[in-house]
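Numbering (UniProt numbering), first residue to last: 1 to 120. Ideal Cβ placement from N, Cα and C applies to all residues, glycine included. None of these values were measured; they are calculated from a predicted model.
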């Protein structure tokens, strides 16, 4: 069972992501801030990281940069979880070295399909 680390500071968004991912058979780790998320990524080595860009203690670019610059996490797929417009999200993904993005609010089926595609 793949493990997904959800780094999201809004409890409702994190809970929805967890419920959907659990329903599709994924194991879910949760962090509400960048520091906890980075610690979990290093300790748990998830199969994929779902990263909110607007965290209270660091922006998504900083978090992605640390993950990409750390040997233990540099190859973990990072998917941006954002409410930004699609073109802005695409630019951020390229600039931050991430693998893709999923827009908020999420569609349950599209969300599950996107996660599966990023894991394959």
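> Among 12, 47, 72 and 71, which residue has its Cα nearest to the Cα of residue 120?
Replying inline: 47
> Curious, which full-length alpha helix (DSSP H) runs of at least 4 residues does the stretch 69-99 contain?
Replying inline: 86-96
> What is the rounded straight-line gap between the Cα of residue 17 and the Cα of residue 88?
Replying inline: 22 Å
> Of all the options 91, 42 and 59, which has the alpha carbon lying nearest to the alpha carbon of residue 72?
Replying inline: 42
>> For residue 29, tell me which candidate among 40, 20 and 11 has the shortest Cα-Cα distance.
In response: 40
>> Among 82, 93, 60 and 111, whose alpha-carbon lies nearest the alpha-carbon of residue 104?
In response: 82
> Looking only at DSSP bridge pairs, what is residue 152 linked to?
Replying inline: Residue 152 is absent from the model: the chain starts at 1 and stops at 120.
> Would you call the CB atoms of residue 76 and residue 37 closer than 8 Å?
Replying inline: no
>> Beta-carbon within less than 6 Å of residue 2's beta-carbon, same chain only, minus the 5 sequence neighbours each way: which residues are those?
In response: 26, 47 and 119
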